[in-house]
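All remarks here apply to the structure that follows.
Numbering (our numbering), first residue to last: 182 to 230.
Now the structure itself:
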């Protein structure tokens, strides 16, 4: 995967995290778990790319 592609994907993950943070019913621990999971997906995608 190109650096540009990785940057776009990271931006999408960050945007998704911010959107998820606005959802009702999710506490800080759930949000951190979600962000950690999304970060792992990005890292795995970059490694495979």
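For every residue, glycine included, the Cβ atom is placed at its ideal position computed from N, Cα and C.
Integer Cβ distance of residue 219 from residue 198, believed to fall under 8 Å
6 Å
Residue closest to residue 195, alpha-carbon to alpha-carbon, out of 222, 229, 208, 183:
222
Return the chain-ordered list of same chain residues with a C-beta closer than 7 Å to the C-beta of residue 191, the five sequence neighbours on each side being excluded.
223
Endpoints, alpha helix (DSSP H) assigned at residue 220:
209-229
Could you give the DSSP three-state label for residue 183: helix, strand or coil?
coil
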